[in-house]
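Asker: Mind having a look at this structure? Questions to follow.
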Amino acid sequence: MNGHPSGESGCGQCPESHGKRDCYTLPMKPEITLIGAGLVGALAAALLAQRGFAVTVFERRPDPRIHGFIGGRSINLALAERGWHGLRVAGLQDRIGELAVMMRGRMVHHLDGHTELLRYGRDDSEVIWSVSRGALNMALLDAAEQAGARIHFGQRLDGVDWKTSTLRFADDAGSTRTHVAPVVIGADGAGSALRTAMAAHSALGERFEPLEHGYKELEIPARNDGGFAMEPNALHIWPRGNYMCIALPNAEGSFTVTLFMPNHSSLDQGNPGFDTVRNGADAHALFARDFADALPLIPDLETDFDANPTGILGTLYLDRWHLHGCALLIGDAAHAIVPFHGQGMNCGFEDAVELADLLQDAGNDLETAFVQFQHRRKPNADAIAAMALENYVEMRDSVADAHFLLMRALERQLAARKPGRFVPRYWMVTFSRLPYSVAFERGEIQAAILRELTANKTSLDQVDLALADRLIGERLSPLAA
Ligand code: FAD
Ligand code: E0Q
Numbered sequence: 000m001n002g003h004p005s006g007e008s009g010c011g012q013c014p015e016s017h018g019k020r021d022c023y024t025l026p027m028k029p030e031i032t033l034i035g036a037g038l039v040g041a042l043a044a045a046l047l048a049q050r051g052f053a054v055t056v057f058e059r060r061p062d063p064r065i066h067g068f069i070g071g072r073s074i075n076l077a078l079a080e081r082g083w084h085g086l087r088v089a090g091l092q093d094r095i096g097e098l099a100v101m102m103r104g105r106m107v108h109h110l111d112g113h114t115e116l117l118r119y120g121r122d123d124s125e126v127i128w129s130v131s132r133g134a135l136n137m138a139l140l141d142a143a144e145q146a147g148a149r150i151h152f153g154q155r156l157d158g159v160d161w162k163t164s165t166l167r168f169a170d171d172a173g174s175t176r177t178h179v180a181p182v183v184i185g186a187d188g189a190g191s192a193l194r195t196a197m198a199a200h201s202a203l204g205e206r207f208e209p210l211e212h213g214y215k216e217l218e219i220p221a222r223n224d225g226g227f228a229m230e231p232n233a234l235h236i237w238p239r240g241n242y243m244c245i246a247l248p249n250a251e252g253s254f255t256v257t258l259f260m261p262n263h264s265s266l267d268q269g270n271p272g273f274d275t276v277r278n279g280a281d282a283h284a285l286f287a288r289d290f291a292d293a294l295p296l297i298p299d300l301e302t303d304f305d306a307n308p309t310g311i312l313g314t315l316y317l318d319r320w321h322l323h324g325c326a327l328l329i330g331d332a333a334h335a336i337v338p339f340h341g342q343g344m345n346c347g348f349e350d351a352v353e354l355a356d357l358l359q360d361a362g363n364d365l366e367t368a369f370v371q372f373q374h375r376r377k378p379n380a381d382a383i384a385a386m387a388l389e390n391y392v393e394m395r396d397s398v399a400d401a402h403f404l405l406m407r408a409l410e411r412q413l414a415a416r417k418p419g420r421f422v423p424r425y426w427m428v429t430f431s432r433l434p435y436s437v438a439f440e441r442g443e444i445q446a447a448i449l450r451e452l453t454a455n456k457t458s459l460d461q462v463d464l465a466l467a468d469r470l471i472g473e474r475l476s477p478l479a480a
């Protein structure tokens, strides 16, 4: 797959930076430079290299396969169908399958200590998977290099001279180097340096909406015998109204716990915040009160709380993701979202697949391909951004609310009654590759139907199913299989 088509004459596109390589054996495809070899950048590099592009990647951090993975953000992530699709296209399904831990549903930990499993899907074909960010990233780096991508580690993008298409990089020792890149793609995350450089050339209409909540990561280690300290095949969640904890399993027997909480307490309502829960001792008291069953499982709670940074969360919106045919942003660099649907990486992997498909057919008209990319992806990025925000309220609060539980129960009943027509939004987002925008729009219609049918009702048997059938028939078209 990686061979350059031979027999092509001339190489008007060939930049001098190709150095010694024989231009006549290079494809007509332009050379592509990627910034960032995180999850999305590494997948994009693999997919583009597999399609015969000459791909060069610059990554700020050292090679995690040599120096170990230096995490910044979450240690493990939930992988769903959209993410699997990207990995499948790259040929990585089996390798990642060996690392992933199945999560059948949410294991809700109530305040009194009792737990219940709320399944995500109908059976074990409808589940999500917990994967280590480091292991996933390393597999993607291997795939990218195997396909022919060249990755330069320890190189931080520092600025761009757009007139000469010259990128400037700095390493940790303070030396700089330059690279001429007619086409550059930014997969350098929410704090994208390429985005900053693009914005210095043309306004991108950037808006960052911070969430007033932050997060802290903690760990439940494996038991002494190596086993899991809780049910392994679930996403554990401790919903507590304005704040919550979650825990995702790691293949080696531990769990990564994340505490999500407001930055500022609201003492009038007795709600804690990172301003009052300031250190390990405060956190210990909070866990003793609100997460009592988890506390004995987190031996290093106090030291980890003090040592680990408090992460910030928010949603990034841009009016423009591209600069003519020269530069494009993908993944978090274009559309960072809050993590409460577990879809940021999944969405970024869809970006990578869509981009590879578009560039494969683009020839030299990259401007059109970039415009098309934004046209196809932006409505979906906006939709998952909105759904992720909504899911936080659902997660931390509503899973304990009686009317909400009635609507969820009715949703299941209507889904079974009208398959392919009334399809739960969570299912469309997580287990299908229907555009996020379709999931969002149909989800709104379905939520209105659920609200109408359950208004003033307290149990399922009070619901008017004839009315349900009529509303569904009127408002929801059958989904194409
Ligand atoms: P990143 O992963 O941020 O990678 C960017 C890369 O660019 C990094 O390697 C970085 O070192 C490099 N870089 C940065 N600046 C430069 C520079 N100047 N020069 C060169 N290189 C640079 N998503 C899910 O799908 N499921 C989940 O369960 C999930 N859980 C999450 C939990 C939390 C707490 C958070 C914060 C996010 C979660 N996400 C989840 C979202 C997911 O982490 C992101 O969407 C995903 O990491 C985006 O990938 P990316 O490659 O675009 O950016
Ligand atoms: C998932 C899987 C960080 C995170 C990741 C997730 C989910 C949640 C709550 C969080 C949403 C859900 N969810 O359980 O509805 O499905 O990825 Cl907080």
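Under numbering that gives the first Met the number 0, the first residue of the sequence shown is numbered 0, with each subsequent residue one higher.
The beta carbon of each residue, even a glycine, is placed where N, CA and C say it ideally should be.
Given the structure is predicted, the values throughout are model-derived calculations rather than measurements.
(1) Would you mind sorting Q461 into buried or exposed? The rule is 16 or more other CB atoms within 10 Å of its CB.
(2) With distances taken Cα to Cα, identify the nearest neighbour of L294 among A306, G279 and N307.
(3) I need the DSSP call for N270, collapsed to helix, strand or coil.
(4) Hey, V428 and M386: beta-carbon distance below 9 Å or not?
(5) Looking only at C-alpha atoms, which of G347, F339, L357 and G112 sits nearest to A189?
(6) Kindly indicate which three-state DSSP category E115 falls into: helix, strand or coil?
(7) Quick check on the DSSP output: the alpha helix (DSSP H) that includes N345 runs from which residue to which?
(8) Hey, out of F286, A291 and L433, whose CA is closest to F304's CA?
(9) What ranges does the beta strand (DSSP E) occupy inside the segment 136 to 186, keeping only unbroken runs of at least 3 residues that lie completely in it?
(10) Determine the direct distance from the alpha carbon of R103 to that of A333, and round the result to whole angstroms.
(11) Quick check on the burial criterion: 16 or more other C-beta atoms within 10 angstroms. Buried or exposed for T32?
(12) Are P29 and N345 close, meaning C-beta to C-beta below 9 Å?
(13) Is any heavy atom of ligand 2 found at a distance shorter than 8 Å from the C-beta of Y242?
(14) If M106 and I236 are in contact, beta carbons under 8 Å, what's the gap, nearest whole angstrom?
(15) In whole angstroms, what is the alpha-carbon distance linking H323 and D157?
(16) What first and last residue would you give for the beta strand (DSSP E) that runs through Y214?
(17) Go through the segment 279 to 332 residue by residue and report every complete run of the beta strand (DSSP E) that reaches 3 residues or more, in order.
(18) At what residues does the beta strand (DSSP E) containing I245 begin and finish?
(19) Can at least three beta-carbon pairs, one atom from the segment 401 to 418 and one from the segment 457 to 476, be found at a separation below 8 Å?
(20) Quick one: residues in its chain with C-beta nearer than 7 Å to the C-beta of K19, no 5 flanking neighbours on either side, listed in chain order?
(21) If I follow the unbroken alpha helix (DSSP H) through P63, where does it start and stop?
(22) So for N379, helix, strand or coil by DSSP?
(23) Go ahead and label G51 buried or exposed: buried means 16 or more other beta carbons lie within 10 angstroms of its beta carbon, across all protein chains shown.
(24) Is it right to say P209 is buried, meaning 16 or more other beta carbons lie within 10 angstroms of its own, or is it exposed?
(25) Among P261, A382, C244 and S458, which residue has its Cα nearest to the Cα of H212?
(26) Hey, how far is the Cα of N75 from the Cα of V130?
(27) May I ask you to report which of helix, strand or coil DSSP gives H109?
(28) In whole angstroms, give me the CA-to-CA distance for P338 and P181.
(29) Indicate whether R420 and L475 have their beta-carbon atoms separated by less than 9 Å.
(30) Please report the straight-line C-alpha distance between V392 and D400, rounded to a whole angstrom.
(31) Is F304 near ligand 1, with its Cβ less than 8 Å from a heavy atom?
(32) In the structure shown, what three-state DSSP assignment does F52 receive?
(33) Look at the alpha carbon of E251 and the alpha carbon of G153, and state the distance between them as a whole number of angstroms.
Answerer: Once the coordinates are examined:
(1) exposed
(2) Of A306, G279 and N307, the residue nearest in Cα terms is G279.
(3) Secondary structure at N270: strand, using DSSP grouped into helix, strand and coil.
(4) yes
(5) G347
(6) strand
(7) For N345, the uninterrupted alpha helix (DSSP H) run begins and ends at G343 to Q359, by DSSP.
(8) Looking at the Cα atoms, F286 is the closest of the given residues.
(9) 149 to 151, 155 to 160, 165 to 169, 175 to 179 and 183 to 185
(10) 31 Å
(11) buried
(12) No.
(13) no
(14) 7 Å
(15) 21 Å
(16) R206 to I219
(17) Taking only runs of at least 3 residues, the beta strand (DSSP E) segments lying wholly in the segment 279 to 332 are 310 to 316 and 326 to 328.
(18) M243 to P248
(19) yes
(20) Only weak support exists for where K19 lies, its pLDDT of 40 falling under 50; the value from the coordinates is given anyway. Hits under 7 Å: none found.
(21) Here the alpha helix (DSSP H) through P63 covers P63 to H66.
(22) helix
(23) buried
(24) exposed
(25) P261
(26) 5 Å
(27) coil
(28) 34 Å
(29) Between R420 and L475, the C-beta gap is smaller than 9 Å, which places the two residues in contact.
(30) 11 Å
(31) Not so, every heavy atom of ligand 1 lies at least 8 Å from the Cβ.
(32) coil
(33) Those two C-alpha atoms are separated by around 29 Å.
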